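Chains V and P are the protein sequences, given in the same order. -18 is the number of the first residue of the first sequence in the working numbering; add one for each residue after it. 10 is the number of the first residue of the second sequence in the working numbering; add one for each residue after it. This report concerns only the one structure given below.
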Amino acid sequence: MSEKDLQKTENTAATERIRNVKTFLPRVDIYETKDALFLIADMPGVDEQTVDVELEKNILTISGRVENGRVQDYSLVFSEYEVGDYERSFTLSDEIDKDKIKATVRQGVLRLELPKAEKVKPKKIAINAA
Amino acid sequence: MKVRNLLPDIARKTREVDHPFYSLQREMNSLFDNFFRGFDLAPRGLAAGVFSPSIDVKENDKEYMIKAELPGVEEKDIDVTVTSDSVTIRGEKKEEKEDKDKNYYYMERSYGSFSRVIPLEGEIEAAKAEAKFKNGILDIKIPKNQSAKAKGTKVPIKAA
């Protein structure tokens, strides 16, 4: 494993914060099933109180606030990660039923279920013998 | 397997995630990784794309504090072993397998078994180690051995 794989990617596009912390892009998996799109984001350190999911028009933004990891009186022996907030945006198509989006957080992983709107679900058309 | 290492570091560091070329590159990498992972050719934990936690180690006079980012790992899947001079964190990040009909668009997260050994300087009191796991962050505290044996006893020197 190269060193880079262990590091988080900083989100350089995030709006500047009042809190003096770095913002990282959470790593995500996005997959589609026939009924919904799923978005799973690794955001270690966040819980249901500190994570935010916002949908404005068709921009979905997930963000998470992580408490500063700095501890008094300790010196660093070695460090592979930095503590910071998370933010990442995605553009959704109209296919998503925006009222039915479900979000859960567990062990630092945000899981979003974005159900597809009824009108775009594939339909099988029955063919009648004439 | 290490295709991405051939590319210059600087280029990858900047906006890796949203640049179309790099997302294509990442796609290719994960394709290769997944292909090889199935055959178990690469030693686990060494291959890119296999999950390996990031670790921070801090210390003060009294104790070591180790933090590891383990998002999505369950408590029961983590195993922490402390010896007199090192800590081993072992576990597995399991991939969800309930749906078979998944069509992936992004695959940046990684899964798999991991094992990391953290050597610590000086003697530690393994029996007094404590570990907590919350919101995907493992927090281990291990007191340092405060006994004279570990610290060394100062011998006064007399003038002859």
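Ideal Cβ positions, reconstructed from N, Cα and C, are used throughout, including at glycine. In this text, all values refer to a predicted model and were calculated from it rather than measured experimentally.
- Interface residue (Cβ-Cβ distance to chain P less than 8 Å): PHE5 of chain V is not classified as such.
- Remark: C-beta atoms of ASP65 of chain P and SER60 of chain V approach each other more closely than 8 Å.
- Judged by their CB atoms, ARG46 of chain V and ASP66 of chain V are nearer to each other than the 8 Å cut-off.
- At a C-beta separation below 8 Å, SER124 of chain P has no neighbours in chain V, since its nearest C-beta there lies roughly 12 Å away.
- By the Cβ-count criterion, TYR62 of chain V is buried, with 16 or more other Cβ atoms from all chains shown falling within 10 Å of its own Cβ.
- Under the DSSP definition of a beta bridge, THR97 of chain P partners with P:THR90 and P:VAL126.
- Under the Cβ distance rule, LEU73 of chain V does not count among the residues neighbouring chain P, no pair being separated by less than 8 Å.
- Between ASP16 of chain V and the set P:VAL164, P:ALA135, P:GLN34 and P:ASN112, the nearest pair of CA atoms involves P:ASN112.
- A check of alpha carbon separations from LYS153 of chain P across P:GLU117, P:SER61, P:PRO128 and P:ALA135 identifies P:ALA135 as the nearest.
- Taking 8 Å as the cut-off, the Cβ atoms of PRO80 of chain P and GLY145 of chain P count as close.
- By the CB criterion at 8 Å, GLU104 of chain P and TYR120 of chain P fall inside the cutoff.
- Fewer than three beta-carbon pairs drawn from the stretch 28 to 46 of chain V and the stretch 98 to 105 of chain V are found closer than 8 Å, and the two stretches are therefore not classed as touching.
- Within the stretch 66 to 92 of chain V, those residues whose Cβ lies closer than 7 Å to any Cβ of chain P are, in chain order, GLN88, GLY89 and VAL90.
- The Cβ of ARG46 of chain V sits no closer than 8 Å to any Cβ of chain P.
- For VAL58 of chain V, the neighbours in chain P by C-beta distance under 7 Å run, in chain order, VAL66, LYS67 and GLU68.
- Among the CB atoms of chain P, one or more fall inside 8 Å of the CB of GLU61 of chain V.
- Secondary structure at LEU79 of chain P: coil, using DSSP grouped into helix, strand and coil.
- Taking 8 Å as the upper bound for CB-CB distance, SER95 of chain P and ILE75 of chain P are not in contact here, some 11 Å apart.
- Burial is judged here by how many other beta carbons sit within 10 angstroms of a residue's own beta carbon; LYS85 of chain P has fewer than 16 and is exposed.
- Around the C-beta of ILE106 of chain V, fewer than 16 other C-beta atoms lie within 10 Å, and the residue is accordingly described as exposed.
- Identification of chain P residues near PRO25 of chain V by a Cβ-Cβ cut-off of 8 Å yields GLU78, LEU79, PRO80, ASN144, GLY145 and ILE146, ordered along the chain.
- 8 Å or more divides the Cβ of TYR115 of chain P from the Cβ of ASP80 of chain V.
- Between ASP33 of chain V and the set V:ILE43, V:ASN49, V:THR72 and V:LYS104, the nearest pair of CA atoms involves V:ILE43.
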